[in-house]
Every structure is written in structure tokens, then in C-alpha cells.
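If you're matching positions, the sequence shown starts at 679 in my numbering and goes up one per residue.
Just so it is clear, CB atoms sit at the ideal spot from N, CA and C, and this is done for glycine as well.
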Amino acid sequence: MSKIFETIKQKLAEAEADVSKFYGGNNAAGGRVRKAMQELKNLATELRKDVLEVKNSRKTSK
């Protein structure tokens, strides 16, 4: 599996506690959640580009 995907899974697991804390009333955790979601968005964009590159390289190598 892709290293980027593994990083996404790790970041999501790390953010889970802060999401619970935020909805439990801890507003400071909300900032950490927002930061984590921005990082995940950037990683998702990276993963999309990587998948497209690999897919396109498979087409040309056949």
C-alpha cells in the first residue's frame, strides 16, 4: 500500500481523540482538528496525484 495512504490513516487515528474532545466541549481541540483536516486534505491531494501518475504509467508501458 502507498506510504501516503498509511500516513493518512495514521493522521486520522491521531485526530480521533481531538474530535471527541472538541464535541465534548473542549474548544482548543477544535483548532487541532482543523489543522489535522487541512493536513489530510493536502495528503489526499498528493495521493490522488500519485494514483493518477501510476495509472498513466501503466497505460504507456503496455
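Given this structure, state the Cα-to-Cα distance separating residue 725 from residue 707, to the nearest angstrom.
Reading the sequence shown from its first residue, position 47 is the one you call residue 725. Reading the sequence shown from its first residue, position 29 is the one you call residue 707. Spanning the two alpha carbons is a distance of roughly 26 Å.
Mind checking residue 693: buried by the 16 CB within 10 Å criterion, or exposed?
Counting from 1 along the sequence shown, the entry for residue 693 is found at position 15. That one is buried.
First and last residue of the uninterrupted alpha helix (DSSP H) at residue 680:
To locate residue 680, count along the sequence shown from 1; it is residue 2. Element bounds for residue 680: n/a, residue is neither H nor E.
In whole angstroms, give me the CA-to-CA distance for residue 687 and residue 698.
In the sequence shown, counting from the first residue as 1, residue 687 sits at position 9. In the sequence shown, counting from the first residue as 1, residue 698 sits at position 20. For residue 687 and residue 698, the distance between alpha carbons rounds to 17 Å.
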